[in-house]
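Enquirer: Numbering (my numbering), first residue to last: 11 to 180.
Built from N, CA and C at the ideal position, the CB exists for glycine as well.
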Amino acid sequence: KLRAIKKIGNKERRIVNDELHKIAKDIVDEAERYNAIIAIGDLNGVRNNNKGRKVNRKVNSIPFYRLKEYIKYKALERGILVIELPEFNTSKQCSKCGSMNTERPSQGLFICKDCGYQINADVNGAKNILKRAHAYMVWAGAVVTQPEGERFVLNHTPQPPQLHGGSPRL
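1) Suppose you measure from the CA of I139 to the CA of E113; what does that come to, to the nearest Å?
2) Classify L140 as helix, strand or coil using the three-state DSSP reduction.
3) Cβ of K35 within 8 Å of Cβ of K82?
4) For R76, which residues in the same chain have their Cβ closer than 8 Å to its Cβ, ignoring the five residues on either side in sequence?
5) Please list the terminal residues of the continuous alpha helix (DSSP H) segment that includes L91.
6) Please state if the CB of I37 and the CB of K78 are separated by a distance shorter than 8 Å.
7) Which residue or residues does DSSP assign as beta-bridge partners of T112?
8) So what does N99 bridge to, in DSSP terms?
9) I need the boundaries of the beta strand (DSSP E) containing G51, first residue and last residue.
10) My understanding is that I48 touches A41, with C-beta atoms under 8 Å, so please give their C-beta distance in whole angstroms.
11) What did DSSP end up calling I129 once you bin it into helix, strand or coil?
12) Is Y146 closer than 8 Å to L95 when the C-beta atoms are compared?
13) What is the C-beta distance between G135 and S101, in whole angstroms, given that I count them as a contact (C-beta under 8 Å)?
14) Roughly how many whole angstroms lie between the Cα atoms of G89 and P73?
15) By the 10 Å Cβ neighbour count, where 16 or more other Cβ atoms means buried, how is R142 classified, buried or exposed?
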């Protein structure tokens, strides 16, 4: 009976790893297609938020670190730069005006009380990460353009990430 349980667990682990590899490949393919960098929010502490039993179970079952590592190694193989940025307040700050006077009447809706901006909460957070990535790249001396919509394209020769130092606070 124990062997059967282990077999099911191994199969589940293989399925999850396969999906993570596919997701990482899709992200890296998209970055390569647009000659872009990949900016990943630092999710340290995401598991410390107590949002209730069901939400906590779902959040704790997502292997964030493994996905991030798959993205990093696949991107490095293709010479694509990956930067990790702090997510502090990205879900609370308005991506349009920068105000912190905001509300989330529901999980998916973000509203700025100062400028009236309404947007999907995840999109708002992603835009704030994008702004931080843009600021980081300008700080690092890259030439950054914005040719289509919200996409920033990086015009420089990617280098492997420096493993010995920290990253600057933005």
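Expert: Taking the structure as given:
1) Your numbering for residue 139 matches position 129 in the sequence shown. Your numbering for residue 113 matches position 103 in the sequence shown. Rounded to whole angstroms, the gap between the alpha carbons of I139 and E113 is 19 Å.
2) Locating residue 140 in the sequence shown gives position 130, where the first residue counts as 1. Under the three-state reduction of DSSP output, L140 falls in the helix class.
3) Taking the first residue of the sequence shown as position 1, residue 35 is located at position 25. Taking the first residue of the sequence shown as position 1, residue 82 is located at position 72. Cβ distance not < 8 Å, so K35 and K82 don't count as in contact.
4) Within the sequence shown, numbered from 1, the residue matching residue 76 stands at position 66. The beta carbon of R76 sits closer than 8 Å to the beta carbons of N27, L30 from its chain, once the five residues preceding and following it are set aside; these are given in chain order.
5) Position 81 of the sequence shown, counting from 1, holds the residue named residue 91. Segment: none, L91 is in no alpha helix (DSSP H) and carries neither H nor E.
6) Along the sequence shown, read from residue 1 onward, the residue named residue 78 stands at position 68. Along the sequence shown, read from residue 1 onward, the residue named residue 37 stands at position 27. In this structure, K78 sits away from I37, with a CB-CB distance that is not shorter than 8 Å.
7) As a first step, residue 112 is located in the sequence shown; it is residue number 102 there, counting from the start. DSSP, once it has assigned bridges, lists C122 as partnering T112.
8) Reading the sequence shown from its first residue, position 89 is the one you call residue 99. In DSSP, N99 forms no bridge with anything.
9) By 1-based counting over the sequence shown, the position of residue 51 is 41. Start and end: 48-52.
10) In the sequence shown, counting from the first residue as 1, residue 48 sits at position 38. In the sequence shown, counting from the first residue as 1, residue 41 sits at position 31. Approximately 5 Å separates the beta-carbon atoms of I48 and A41; this is inside 8 Å, confirming the contact.
11) One-based indexing of the sequence shown puts residue 129 at position 119. It is a strand residue.
12) On the sequence shown, position 85 is the one that residue 95 refers to. On the sequence shown, position 136 is the one that residue 146 refers to. Taking 8 Å as the Cβ cut-off, L95 and Y146 qualify as a contacting pair.
13) The residue you call residue 135 lines up with position 125 of the sequence shown. The residue you call residue 101 lines up with position 91 of the sequence shown. Rounded to the nearest angstrom, the Cβ distance from G135 to S101 is 5 Å, consistent with a contact under 8 Å.
14) Taking the first residue of the sequence shown as position 1, residue 89 is located at position 79. Taking the first residue of the sequence shown as position 1, residue 73 is located at position 63. Rounded to the nearest angstrom, the two C-alpha atoms are 24 Å apart.
15) Against the sequence shown, residue 142 aligns to sequence position 132. That one is buried.
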